[in-house]
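**Student:** Take this structure first; my questions come after.
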Amino acid sequence: MRIAVVGSGYVGLVAGGCFADLGHEVVLVDNDAQKVAALESGSVPIHEQFLPELLERHQGSRLTFSGNLAKAVRASSAIFVAVGTPPNDAGEADLSYVESVAREVAGAINGYKVVVEKSTVPVYTSNWVRTIMLRNGAEPESFDVASNPEFLREGTAVTDFLYPDRIVLGADHERCAAVLREIYAPLTSGKYYQRPDAVPAPERANVPPPLIVTSAKSAELIKHASNAFLAMKISFVNAVASICESVGADVQQVCQGIGSDSRIGKRFLNPGIGYGGSCFPKDLTAFRAVARECGYEFRLLDEVIRINEEQRHRFLRKVRSALWTLRGKRLGVLGLAFKGGTDDIRESPAVLLVQTLLQEGCTVAAYDPAAMDRARAVLPANVNYVSDPYEAASGADALLILTEWEEFAALDLPRLRVRLKYPIIIDGRNLYHPETMTAHGFTYYSVGRQTTTPEVISSAGADSKKIKVKNA
Ligand SMILES: NC(=O)c1ccc[n+]([C@@H]2O[C@H](COP(=O)([O-])OP(=O)(O)OC[C@H]3O[C@@H](n4cnc5c(N)ncnc54)[C@H](O)[C@@H]3O)[C@@H](O)[C@H]2O)c1
Numbered sequence: 350m351r352i353a354v355v356g357s358g359y360v361g362l363v364a365g366g367c368f369a370d371l372g373h374e375v376v377l378v379d380n381d382a383q384k385v386a387a388l389e390s391g392s393v394p395i396h397e398q399f400l401p402e403l404l405e406r407h408q409g410s411r412l413t414f415s416g417n418l419a420k421a422v423r424a425s426s427a428i429f430v431a432v433g434t435p436p437n438d439a440g441e442a443d444l445s446y447v448e449s450v451a452r453e454v455a456g457a458i459n460g461y462k463v464v465v466e467k468s469t470v471p472v473y474t475s476n477w478v479r480t481i482m483l484r485n486g487a488e489p490e491s492f493d494v495a496s497n498p499e500f501l502r503e504g505t506a507v508t509d510f511l512y513p514d515r516i517v518l519g520a521d522h523e524r525c526a527a528v529l530r531e532i533y534a535p536l537t538s539g540k541y542y543q544r545p546d547a548v549p550a551p552e553r554a555n556v557p558p559p560l561i562v563t564s565a566k567s568a569e570l571i572k573h574a575s576n577a578f579l580a581m582k583i584s585f586v587n588a589v590a591s592i593c594e595s596v597g598a599d600v601q602q603v604c605q606g607i608g609s610d611s612r613i614g615k616r617f618l619n620p621g622i623g624y625g626g627s628c629f630p631k632d633l634t635a636f637r638a639v640a641r642e643c644g645y646e647f648r649l650l651d652e653v654i655r656i657n658e659e660q661r662h663r664f665l666r667k668v669r670s671a672l673w674t675l676r677g678k679r680l681g682v683l684g685l686a687f688k689g690g691t692d693d694i695r696e697s698p699a700v701l702l703v704q705t706l707l708q709e710g711c712t713v714a715a716y717d718p719a720a721m722d723r724a725r726a727v728l729p730a731n732v733n734y735v736s737d738p739y740e741a742a743s744g745a746d747a748l749l750i751l752t753e754w755e756e757f758a759a760l761d762l763p764r765l766r767v768r769l770k771y772p773i774i775i776d777g778r779n780l781y782h783p784e785t786m787t788a789h790g791f792t793y794y795s796v797g798r799q800t801t802t803p804e805v806i807s808s809a810g811a812d813s814k815k816i817k818v819k820n821a
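The following block contains the structure:
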């Protein structure tokens, strides 16, 4: 099938590359001429596993890039809209990019088209897209609007797209549902997974994925409700972590206990410094605004958001309790991206924390495997960006772990220790066992667990020093 994907950002690029891998002819459209030129020249503007391989595999054959939306619409049967839906000042989704695409699509229709919302949009958006297209001259029979929400996670976006837990098709008419069924048939039939060149399956792949066909409104709600539920799970476990800290329990043990209940599940029970990124924060406020407009005050979401913000303040209090005063302190920071595996720093709790620490008079040496270029554009110029975790630790009063990159969970601890001025690690992502850290001589702060510090016991003499774990 010939497909246009409008918006070549995190979602559009991944969707376009994956649709091409499924065998479709894809044109990826963007109104950012620089981005289109960069893509055409073979550069990949985002950090995402398997994406460079997919783009290279299909570019110039099944995958092309364009700034000309009208031409792409005329050449395609399905138009996926994957433009941004950022929050406005009131926390509602700003749908002006979606509206502008709908207007342009209406002006270019030359036969039956399915316009598919891939962007995360509030319920009723499909009705509005239809209305806008009719107002701009599209014939009622010449198009349908469907909702096909995207559930990919940055960092594992390609495998999430190709090995989804489910595919949701919100279609109010069978003729547009049929088009979407055909597009996803290589996945739902299982044929894609038999190909020797298929992108490798992740753990826990649900193949073939089920197709859930709903009304467009239900699909729009599924996406907002899913993200709100996941954010709630994170805030819930962060609230539990706070209680663990007060009573001396271990939140990792508590999570193991509650996550083993199959009704709850282990995933997303990750205590830390809170969620961030381009989706949860904006989708929660947008969902709350939609609910309010429908006459329902979704106060649960207020609390989810409040706990999330509080989590950063709690972490800052830990830094203070480790170092006493902050002015003039030198901190090593590991991680700037909002999560591991991506270069995305939108609403990153790590970036927000670094901003506060700088305001408090700290100096910061930061390392992130992928997000430093993007961080440079938003953080003050006095951040010192370094080339590895050990350089970040060099001469630092303490080392802060702010993003759960895999490489931060496998550091050479003796090497790290000799680099630090004081052996203090404040881990906002619980990447280590407190016992391991104290055995290596660190005072170790984490989330929802007791702070541990090595106690040097000198019994018979200097060379019989032992280290034992003590709760600080
Ligand atoms: N990033 C994620 O992890 C994720 C996951 C699921 C859903 N979503 C949703 O998908 C949507 C896109 O998110 P994203 O992270 O890919 O955004 P993004 O900002 O990375 O990309 C959006 C792209 O759309 C382009 N664009 C804007 N207006 C355009 C127009 N009129 N014509 C052509 N191109 C236009 C921009 O130049 C940009 O390249 C959002 O609604 C988001 O909530 C995102």
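Using this note's numbering, you'd call the opening residue of the sequence shown number 350 and step up by one each time.
We treat Cβ as the ideally placed atom computed from N, Cα and C, and that holds for glycine.
Please classify His522 as buried or exposed, where buried requires at least 16 neighbouring CB atoms within 10 angstroms.
**Tutor:** Along the sequence shown, one-based indexing puts residue 522 at 173. Per the 10 Å Cβ criterion, exposed.
**Student:** Spatial neighbours of Trp754 within its chain, please: CB distance less than 8 angstroms, with the 5 preceding and 5 following residues excluded, ordered by chain position.
**Tutor:** Along the sequence shown, read from residue 1 onward, the residue named residue 754 stands at position 405. Taken in chain order, the residues that qualify are Leu683, Gly684, Ala686, Gly689, Gly690, Asp717, Pro718.
**Student:** Assuming the contact rule is C-beta atoms closer than 8 angstroms, Ala431 and Val528 should be a hit. Round their C-beta distance to whole Å, please.
**Tutor:** Counting from one through the sequence shown, the residue named residue 431 turns up at place 82. Counting from one through the sequence shown, the residue named residue 528 turns up at place 179. About 17 angstroms separates the two Cβ atoms, so there is no contact after all.
**Student:** Following a CB-centred definition, is Ser491 positioned closer than 8 angstroms to any heavy atom of ligand 1?
**Tutor:** Counted from its first residue, the sequence shown places residue 491 at position 142. It does not: the Cβ of Ser491 is nowhere closer than 8 angstroms to a heavy atom of ligand 1.
**Student:** Name the residue from Arg612, Ser611, Tyr624 whose alpha carbon lies nearest to the alpha carbon of Asn576.
**Tutor:** The residue you call residue 576 lines up with position 227 of the sequence shown. Considering only alpha carbons, the answer is Tyr624.
**Student:** What is the rounded straight-line gap between the Cα of Glu709 and the Cα of Arg676?
**Tutor:** The residue you call residue 709 lines up with position 360 of the sequence shown. The residue you call residue 676 lines up with position 327 of the sequence shown. Cα to Cα, Glu709 sits roughly 6 angstroms from Arg676.
**Student:** Take Thr785 as the anchor and find which of Thr801, Thr480, Arg778 has the nearest alpha-carbon.
**Tutor:** The count along the sequence shown starts at 1 and reaches residue 785 at position 436. The residue with the shortest Cα to Cα distance from Thr785 is Thr801.
**Student:** Pull up the DSSP beta-bridge partners for Leu415, would you.
**Tutor:** Start at 1 with the first residue of the sequence shown, and residue 415 comes out as number 66. First, the residue type needs correcting, since residue 415 is Ser and not Leu in the sequence shown. According to DSSP, which records beta bridges pairwise, Ser415 is partnered with Val378.
**Student:** So for Val465, helix, strand or coil by DSSP?
**Tutor:** Counted from its first residue, the sequence shown places residue 465 at position 116. Strand, per DSSP.
**Student:** Sorted by chain position, which residues of the same chain lie with C-beta nearer than 7 angstroms to Lys572's C-beta, five sequence neighbours on each side aside?
**Tutor:** Position 223 of the sequence shown, counting from 1, holds the residue named residue 572. Only Thr469, Pro498 meet the Cβ criterion.
**Student:** For Gln601, count the other beta carbons within 10 Å of its own beta carbon; 16 or more makes it buried, fewer makes it exposed. Which is it?
**Tutor:** On the sequence shown, residue 601 is found 252 positions in, with the first residue counted as 1. Buried, since its Cβ has 16 or more Cβ neighbours within 10 Å.
**Student:** Along the chain, where does the alpha helix (DSSP H) containing Val478 start, and where does it finish?
**Tutor:** The residue labelled residue 478 in the question sits at position 129 within the sequence shown. Here the alpha helix (DSSP H) through Val478 covers 474-484.
**Student:** Between Leu570 and Val465, is the Cβ-Cβ spacing less than 9 angstroms?
**Tutor:** Residue numbering aside, residue 570 sits at position 221 when the sequence shown is read from its first letter. Residue numbering aside, residue 465 sits at position 116 when the sequence shown is read from its first letter. Contact: no.
**Student:** Please find out if some non-hydrogen atom of ligand 1 comes closer than 8 angstroms to the beta-carbon of Glu441.
**Tutor:** As a first step, residue 441 must be located in the sequence shown, where it is residue number 92. Checking every heavy atom of ligand 1 against the Cβ of Glu441, none is found closer than 8 angstroms.
**Student:** Could you tell me the alpha carbon to alpha carbon distance between Ala714 and Tyr739, rounded to whole angstroms?
**Tutor:** In the sequence shown, the residue the question calls residue 714 occupies position 365. In the sequence shown, the residue the question calls residue 739 occupies position 390. Approximately 10 angstroms, taken between the alpha carbons.
**Student:** For ligand 1, any of its heavy atoms closer than 8 angstroms to the Cβ of Tyr446?
**Tutor:** As a working note, residue 446 is residue 97 in the sequence shown. It does: the Cβ of Tyr446 is within 8 angstroms (strictly closer) of some heavy atom of ligand 1.
**Student:** Are the CB atoms of Thr712 and Arg679 nearer to each other than 9 angstroms?
**Tutor:** In the sequence shown, the residue the question calls residue 712 occupies position 363. In the sequence shown, the residue the question calls residue 679 occupies position 330. Yes, the pair counts as a contact, with Cβ atoms nearer than the cut-off.
**Student:** In the DSSP assignment, find the beta strand (DSSP E) that holds Thr434 and state where it starts and stops.
**Tutor:** Counted from its first residue, the sequence shown places residue 434 at position 85. Segment: none, Thr434 is in no beta strand (DSSP E) and carries neither H nor E.
**Student:** Compute the beta-carbon to beta-carbon distance between Ala747 and Tyr771, rounded to the nearest angstrom, for a pair I have assumed lies under 8 angstroms.
**Tutor:** As a first step, residue 747 is located in the sequence shown; it is residue number 398 there, counting from the start. As a first step, residue 771 is located in the sequence shown; it is residue number 422 there, counting from the start. About 7 angstroms separates the two Cβ atoms, so the contact holds.
**Student:** Would Ser508 and Ala550 qualify as a contact pair, given that the criterion is a beta-carbon distance under 9 angstroms?
**Tutor:** As a working note, residue 508 is residue 159 in the sequence shown. As a working note, residue 550 is residue 201 in the sequence shown. Per the sequence presented here, residue 508 reads as Thr, with Ser not at that position. Result yes, Cβ atoms of Thr508 and Ala550 sit closer than 9 angstroms.
**Student:** In chain order, what are the residue ranges of uninterrupted alpha helix (DSSP H) at least 4 long that sit wholly in the segment 683-719?
**Tutor:** If we require 4 residues or more, the alpha helix (DSSP H) runs fully inside the segment 683-719 come out as 698-708.
**Student:** Rounded to the nearest angstrom, what separates Asn587 and Gly621 at their Cα positions?
**Tutor:** Translated into the one-based positions of the sequence shown, residue 587 becomes position 238. Translated into the one-based positions of the sequence shown, residue 621 becomes position 272. Their backbone Cα atoms lie some 7 angstroms apart in a straight line.
**Student:** Measure how close the beta-carbons of Leu702 and Leu751 come, nearest whole angstrom, since I'm counting them as under 8 angstroms.
**Tutor:** Locating residue 702 in the sequence shown gives position 353, counting from the first residue. Locating residue 751 in the sequence shown gives position 402, counting from the first residue. Contact holds; Cβ gap of about 6 angstroms.
**Student:** Could you tell me which uninterrupted beta strand (DSSP E) segments, each at least 3 residues in length, are contained entirely in the segment 508-570, listed from first to last along the chain?
**Tutor:** The qualifying runs are 516-519, 560-563.
**Student:** Pick out whichever of Gly440, Leu444, Ser425, Ile428 has its Cα sitting closest to the Cα of Thr434.
**Tutor:** Here residue 434 refers to the residue found at position 85 when the sequence shown is read from its first residue. For Thr434, the nearest C-alpha among the options comes from Leu444.
**Student:** Count the other CB atoms, across all protein chains shown, that sit within 10 Å of the CB of Asp812; report buried if there are 16 or more and exposed otherwise.
**Tutor:** Numbered from its first residue, the sequence shown carries residue 812 at position 463. Any reading at Asp812 needs caution, since the residue's pLDDT is 39, under 50, leaving its predicted position unreliable; the model's value is listed next. The residue in question, Asp812, is exposed, as its Cβ has fewer than 16 Cβ neighbours within 10 Å.
**Student:** Can you give the Cα-Cα distance for Asp722 and Ala699, rounded to whole angstroms?
**Tutor:** Translated into the one-based positions of the sequence shown, residue 722 becomes position 373. Translated into the one-based positions of the sequence shown, residue 699 becomes position 350. C-alpha separation (whole angstroms): 15 angstroms.
**Student:** Could you tell me which uninterrupted alpha helix (DSSP H) segments, each at least 4 residues in length, are contained entirely in the segment 597-656, listed from first to last along the chain?
**Tutor:** You should have 600-608, 629-642.
**Student:** Helix, strand or coil for Val796? Go by DSSP, reduced to three states.
**Tutor:** As a working note, residue 796 is residue 447 in the sequence shown. Val796 falls in the coil class under three-state DSSP.
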